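Student: With positions in the sequence shown counted from 1, the corresponding number in the numbering used here is that position plus 1032.
Here you go, one structure.
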Amino acid sequence: MRSGLKDKRNIEIADELKALNENGVGAVEVPPIGSHVLHTKRVFKTKTDADGAVERFKARLVAFKNKSVRH
């Protein structure tokens, strides 16, 4: 990844984590022994204007549905 994009994406990651924390969406905790933890990944999207110029970057943290366990 080019350095310029990496810096901008890191800013978006920090903004997304800050928003999750401020909105009380979740908390970082140590899971109990033997518990099943959902795997997550970061998804990036580059938003462009009508001319194709980069307008902004978006970052999301998503959980893998295929790794979830039904109870």
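Cβ coordinates follow ideal geometry from the N, Cα and C atoms, glycine included.
Note that the structure is predicted; figures quoted are calculated from it, not measured.
Quick check: the Cα distance between residue 1070 and residue 1037, rounded to an integer number of angstroms?
Tutor: By one-based count along the sequence shown, residue 1070 stands at place 38. By one-based count along the sequence shown, residue 1037 stands at place 5. Put simply, the backbone Cα of residue 1070 is about 28 Å away from that of residue 1037.
Student: Taking the straight line between their C-alpha atoms, what separation do you get for residue 1046 and residue 1097?
Tutor: Along the sequence shown, read from residue 1 onward, the residue named residue 1046 stands at position 14. Along the sequence shown, read from residue 1 onward, the residue named residue 1097 stands at position 65. Each residue's alpha carbon lies about 24 Å from the other.
Student: Quick check on residue 1061: does DSSP put it in helix, strand or coil?
Tutor: The sequence position of residue 1061 within the sequence shown is 29, counting from 1. Residue 1061: coil per DSSP, three-state reduction.
Student: Quick one: give me the first and last residue of the beta strand (DSSP E) that residue 1086 is part of.
Tutor: As a first step, residue 1086 is located in the sequence shown; it is residue number 54 there, counting from the start. 1086 to 1095 is the span of the beta strand (DSSP E), which, as asked, contains residue 1086.
Student: Can you give me the C-alpha to C-alpha distance between residue 1076 and residue 1051, rounded to a whole angstrom?
Tutor: On the sequence shown, position 44 is the one that residue 1076 refers to. On the sequence shown, position 19 is the one that residue 1051 refers to. Near 16 Å, if we compare the C-alpha coordinates of residue 1051 and residue 1076.
Student: Could you name the residues of the same chain whose beta carbon sits closer than 8 Å to that of residue 1058, not counting the 5 residues immediately before and after it, in chain order?
Tutor: For the purposes of this step, residue 1058 is taken as residue 26 along the sequence shown, with counting starting at 1. So the list reads 1052, once near-sequence residues are dropped.
Student: Mind checking who residue 1074 pairs with in its DSSP beta bridge?
Tutor: What you label residue 1074 is simply residue 42 of the sequence shown in a count that begins at 1. Per DSSP, 1093.
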